[in-house]
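Participant:
Chains as they are written, first to last, in this note's numbering: chain Z, 4 to 251; chain U, 123 to 967.
1) Do you know whose CA, among 739/U, 330/U, 872/U, 549/U, lies nearest residue 357/U's CA?
2) Name the chain Z residues whose beta carbon is nearer than 7 angstroms to that of residue 863/U?
3) Identify, in the order they occur along the chain, each residue of the same chain with its Cβ nearer than 7 angstroms to the Cβ of residue 618/U, setting aside the five sequence neighbours on each side.
4) Report, in whole angstroms, the separation of the C-beta atoms of residue 114/Z and residue 163/Z, which I expect to be a contact under 8 angstroms.
5) What does residue 72/Z touch in chain U if you count any residue whose Cβ is under 7 angstroms from its own?
6) Flag residue 513/U as yes if its beta-carbon sits less than 8 angstroms from any beta-carbon of chain Z, otherwise no.
7) Under a Cβ-count criterion, where at least 16 other Cβ atoms within 10 Å of its own Cβ denotes burial, should residue 511/U be classed as buried or exposed?
8) DSSP beta-bridge partners for residue 140/Z?
9) Determine the direct distance from the alpha carbon of residue 206/U to that of residue 198/U, and round the result to whole angstroms.
10) What are the residues that DSSP puts in a beta bridge with residue 297/U?
11) The alpha helix (DSSP H) that contains residue 137/U, what's its start and end?
12) Output needed in chain order: residues of the region 193-227 of chain Z with a Cβ under 8 angstroms from some Cβ in chain U.
13) In chain U, which residues lie less than 8 angstroms from residue 47/Z when you measure between Cβ atoms?
14) Could you check whether residue 156/Z and residue 217/Z sit closer than 8 angstroms to each other, using their CB atoms as the reference points?
15) Return the first residue and the last residue of the beta strand (DSSP E) that residue 703/U is part of.
16) DSSP on residue 891/U, reduced to helix/strand/coil?
17) So, under 8 angstroms CB-CB, residue 362/U and residue 172/U are touching, yes? Tell me the CB distance rounded to an integer number of Å.
18) Check whether chain Z comes within 8 angstroms of residue 877/U, counting only Cβ atoms and requiring the distance to be less than that.
19) State the beta-bridge partners of residue 28/Z as determined by DSSP.
20) What residues from chain U crowd round residue 113/Z, counting only those whose CB sits closer than 8 angstroms?
21) Compute the distance between the beta-carbons of residue 976/U and residue 153/U, then report whether it is under 8 angstroms.
22) Output yes if chain U places a C-beta closer than 8 angstroms to the C-beta of residue 19/Z; else output no.
23) Taking Cβ positions, are residue 40/Z and residue 202/Z nearer each other than 8 angstroms?
24) Are residue 700/U and residue 803/U closer than 8 angstroms when you measure CB to CB?
25) By Cβ distance below 6 angstroms, which residues in the same chain neighbour residue 199/Z in space, the five residues on each side in sequence not counted?
26) Give the residues of chain Z in contact with residue 1038/U, contact being defined as C-beta atoms less than 8 angstroms apart.
27) Is it buried or exposed, residue 23/Z, if we count other Cβ atoms within 10 angstroms and call 16 or more buried?
28) Taking residue 886/U as the query, report the chain Z residues whose CB atoms sit under 7 angstroms from its CB, ordered along the chain.
29) Give the interface partners of residue 951/U over in chain Z, defined as CB-CB distance under 9 angstroms, in chain order.
30) Measuring straight from C-alpha to C-alpha, what distance separates residue 137/Z and residue 152/Z?
31) Report the rounded CA-to-CA distance for residue 174/U versus residue 304/U, giving the unit in angstroms.
32) Within this structure, are the beta carbons of residue 182/Z and residue 161/Z separated by less than 8 angstroms?
33) Three or more beta-carbon pairs under 8 angstroms between the region 897-913 of chain U and the region 860-875 of chain U, yes or no?
34) Going along chain U, which residues have a C-beta under 9 angstroms from residue 229/Z?
35) Could you work out which residues of chain Z lie near residue 595/U, taking near to mean beta carbons separated by less than 8 angstroms?
36) In whole angstroms, give me the CA-to-CA distance for residue 240/U and residue 913/U.
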């Protein structure tokens, strides 16, 4: 399958007092279309920084990111934003729904931002809500939903424009195990059925086990790459054993 | 470090918000200060004007008859033992010209003739430049300095009087009078010459209207009794207090409206202060929760908030007083140069300034009561949780603010040292109640109104408009109060404009109704009707020249005699031209009764005040003569202006001649032939007037003079209203700033999903614009209600019953509200656009 996301020698440094801290130290990767990749690491390993750079939310100190053929890391803020709008979808740990919009309006947000009336995409919105099991709550507001339901809305929103790549940053971090599993099942389903390319950042092995491939990050570098393949059972034992050999 | 330090650090931690709150309070205090100082300047001017007008005179005798006092009376008084000095003043209204040429100016002036030496014994000339009149120089003239400046005249310039005898040299300006004294009359359109000069200029001497008497050191009332008993002419006695009251009533409107705007600005400032403090407490909930968890008492927490409020209030009040003095300087300069009101100097009344300071601090503290109580009641556990909600409902949050505002307004009404001799308190209090109620109600109608008004913004701005509209409902109390503060200011503009427009409409109706045909000639002395009728009838294009027989008379009641003005009119001329608005009777019947005789039309103002109805009998007559009974045939909305405030009672011309013995007229109604163009007729009337040294009048001229006078005052108050709009805009900056800080993660999500910087800015600006649009729409409703209250309550002497809507202004108010608010949204929009996506999307707290 063609490569849809590439990163070459990504370096990210932040100023800290009189010196600097290096969050990423020369990371390179390639993700194929339809692939589900997980980035694992402990807190402070640089995994979230990596996701932010891969999604064009931030610029690397050096290195390059290419999304679907577009060198996003060389673009100015305006063009980077537009590329992000066209080619990415995000799911964050805190669901970050717009509290004053309904469920349907939240899902339609990418269209609205693009100046596209939501009515033109009614069927797509309905399809997504059905996919996440919230078709009967289209007119509810976020504060009328449970935590799991809110995260499902966030997922539907991220998939609304069928983005080239969906980036999820600890999407289950704020959910209980059962609810989190529902979210991971939906992510996997979209990758498997819809051939959605997904990059998941997580510190939890049972979440990373949903991926086809796991990149282990430590101290700003990729420590190891573990190929799990597309598996319906999402068994984490192999991954956990492998992580143990890495001392994680 | 003391706990109170937290109060000051809290203010400095948010320097922009603190500055905005201080500016808002300062602007409110500035308007109040400017109102106090300007009113003090007006009061000082009135006192000076009265003192300078009458000088050392104990009384002024005003001639009852149009022909004035006789020179024999003047001589007799000069020899009277009780009279130390007598200064006669003759009077004519004349048309004057400057030197012929391209820059020739034409003016209608009140020309006063004085005896320079006698006058100097009574009053100081109060010249700002030049020298007083000399009895030996017949060309000397004094004019008001402000009038001269407005018309580009100076010492040495020539003035010519229309109709002056041939061969006489032109008058020359030798002195410029200050705004008090004679220059206080007629908005400074006054020319003072010697009586000899005035008498020699025309065939008929000018009537001696006034005799100002200095009755020496003895008992004034006894001396006056002896003096008046010795005179055989009819006159009215005026004391300095009477003169002061007459001058004061001329600018009562200014005082009333200035008072109202001072209160409006203060209310706007109070909204901003209260909202700011409430938002600050809301933002610092977690911090306050930590303090409470650590053992800080409720009282201590309340003290922190109140200390902050006191600091804001003191800073705002100090800055506001300084700005207010500057604003007053500008206002006084404006009023002085335009003569919209009589003002002098820049008095800084210490008690007034102290009051403005106390009001500024008090308003801020009062607005802080609710936030302080909320902060004190915070449960440590609730505060340390993520939610910042305190459990107070919308009604609870608004109720205390309403109570605080009512207390502030009540105190201000009692304490503000603005001239209130004729202030109708009830309409003003009701107006403030409407403004306050409208502002509070804004919170409740915000959402439904936002759905309607937000639609066009969604069409224009797309997603940004939708999100902006949704944000209006985020905190209804906070947004509602912010919009309410803007609404109050815009409503003041609507009310002012509607009152002014209604006054203009009233003026137009008045002028149209009392000047049949739209043209008239006013002579400076009464002309014998039979002798001069051929002259008027010879005016090219005239259909009929109808004299109005004006006679000063008295109305005899059970309580005594009251001075009235009576005018005898030709009922046919007035009826045929559609003049006069007759109430309480059929118009045709009223005119028929006038033709029959023994009937009178009574001005509405007099009828309302005295309870006179159609069919009543009133007794009218000349002073000292047997009165005649007249039946009231109708009440007229407007009447011919006269010396009395109510205007003239109208009788038939035949009655004026037969029952009052009037054979002269100084006001001739000129009705045009239908086929003669108006401009041609106007020229012909002007020629006839010039021939008779008289003044041509048109309806448009009369209406224009009054409208210009009104426009000057309205322009001034529009500036004050706009200051209140600025206060409202500061509230929007504050509220949106807080809103952005509460939504940083949400904005980061939107940016992550592809919302550009420009779109984020547009979203915030759209929200701001919608707030202004809602405020503008509500301002129309509220402002019209206030205008109705003021107009029907007679809050100003210039007002007339009935409302005419200034449609252009109403549309402009919505546009201005929207535009100003959008501008106010630019800074918060910039802040929102510059938020770091990454920093606000981090998944750890």
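Don't be surprised by glycine CBs; every beta carbon is placed ideally from N, CA and C.
Facilitator: Reading from the atomic positions:
1) 330/U
2) Residues of chain Z passing the Cβ test: none, with the nearest at roughly 16 angstroms.
3) 836, 839, 840, 843
4) 7 angstroms
5) Here the premise fails: no neighbours, minimum Cβ distance about 18 angstroms.
6) Because the pLDDT at residue 513/U is just 48, under 50, the model does not fix this residue reliably, and the point stays unresolved.
7) With a pLDDT of 49 at residue 511/U, under the threshold of 50, the predicted position of this residue should be treated as unreliable, though the coordinate-derived value follows. Classification for residue 511/U: exposed.
8) DSSP lists no partner for residue 140/Z.
9) 13 angstroms
10) 252/U, 264/U
11) 137-176
12) none
13) Within chain U, no residue comes near residue 47/Z; the closest Cβ sits about 10 angstroms away, beyond 8 angstroms.
14) no
15) That residue, residue 703/U, is in no beta strand (DSSP E); it is neither H nor E in DSSP.
16) helix
17) 6 angstroms
18) yes
19) 14/Z
20) 875, 876
21) Absent from the model: residue 976/U. The displayed extent of chain U is 123 to 967, so no value can be given.
22) no
23) yes
24) no
25) 169, 193
26) Since the first residue shown for chain U is 123 and the last is 967, residue 1038/U is missing from the structure and cannot be characterised.
27) exposed
28) Ordered by position in chain Z, no residue passes the 7 angstroms Cβ test against residue 886/U, which lies about 14 angstroms from the chain.
29) Here the premise fails: no neighbours, minimum Cβ distance about 16 angstroms.
30) 8 angstroms
31) 8 angstroms
32) no
33) no
34) Per Cβ cutoff of 9 angstroms: no residues; residue 229/Z is ~23 angstroms from chain U at best.
35) 103
36) 46 angstroms
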